[in-house]
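In what follows, a single structure is set out as structure tokens and then discussed.
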Amino acid sequence: MAFSILGISGSLRAASFNTGLLRAAQEVAPDGVTVEIADITGIPLYDEDVYQAGFPAAVETLRQQVAAADAVILATPEYNFSISGPMKNAIDWVSRPPMPQAFNEKPVAIMGASGGKLGTARAQYHLRQVLVFLNAHVINKPEVMVGGAASAFADGKLTDETARDLIRQQLE
367 MAFSILGISG SLRAASFNTG LLRAAQEVAP DGVTVEIADI TGIPLYDEDV YQAGFPAAVE
427 TLRQQVAAAD AVILATPEYN FSISGPMKNA IDWVSRPPMP QAFNEKPVAI MGASGGKLGT
487 ARAQYHLRQV LVFLNAHVIN KPEVMVGGAA SAFADGKLTD ETARDLIRQQ LE
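See below:
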């Protein structure tokens with residue numbers, strides 16, 4: 367039986383370490399598990415006026431991807447001790463009615479990479495607060511917090527074997 371996971375990176379940077387974590391998840395996924403990486407670059411800032419006029423195409427695509435996935439991985443950078451704007455914006459759009467709230471009772475794993483020693487710990491804890499409100503089932507362990515990201519990646523590929531193993535465990 368196939369199991370589908372949607373990965374969402376909260377970084378829009380082309381050489382994003384967090385998108386690199388999602389590529390590593392694709393590489394280490396167990397047999398029968400697929401990891402698709404969503405593209406959130408075309409999602410506009412949340413605006414109630416835009417929402418009232420209808421979901422932009424990029425938003426509707428993401429909403430359908432989250433709803434269709436068996437689980438979600440959120441790879442978040444840490445900006446000013448918290449969640450990145452693109453990550454929060456994507457979650458805000460996906461959680462809007464009319465369809466059932468797509469994160470409700472959805473298994474969600476969190477990971478993150480940053481240049482600092484804590485590897486997005488504070489952002490991940492804030493993200494957990496948001497997901498509690500959305501009634502997501504957040505995977506508690508293992509926590510994947512890759513600090514010193516510049517030395518954990520080579521040419522965009524996660525080379526840190528400890529981090530790769532934690533991602534593998536999280537997917538299992």
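According to the numbering used here, the sequence shown is numbered sequentially starting from 367.
Even glycine gets a Cβ: it sits at the ideal position worked out from N, Cα and C.
- Of the residues assessed, T385 falls on the buried side of the cut-off, its CB having 16 or more other CB atoms within 10 angstroms.
- Residue burial is scored here from C-beta neighbours: P452 has at least 16 other C-beta atoms within 10 angstroms and is therefore classed as buried.
- Here M367 is exposed. Its C-beta has fewer than 16 other C-beta atoms within 10 Å.
- When rounded, the separation of the alpha-carbon atoms in A423 and V394 is 31 Å.
- Secondary structure at P452: helix, using DSSP grouped into helix, strand and coil.
- A419 counts as exposed, since fewer than 16 other C-beta atoms from the protein chains shown sit within 10 angstroms of its C-beta.
- According to DSSP, V399 shares a beta bridge with F369.
- Per DSSP, A381 lies in no alpha helix (DSSP H) and is assigned neither H nor E.
- Bounds of any alpha helix (DSSP H) do not take in I476; it lies within the beta strand (DSSP E) bounded by P473 to A479.
- L537: not part of any beta strand (DSSP E); member of the alpha helix (DSSP H) spanning E527 to L537, first to last residue.
- Straight-line measurement puts the Cα of V399 at about 26 Å from the Cα of S480.
- In this structure, the beta-carbon distance from I533 to A404 does not fall below 8 Å.
- Secondary structure note for L428: its alpha helix (DSSP H) is the uninterrupted segment A423 to A434.
- The segment 492–502 makes contact with the segment 445–464, as at least three CB pairs between them are under 8 Å.
- By the CB criterion at 8 Å, R488 and E444 fall inside the cutoff.
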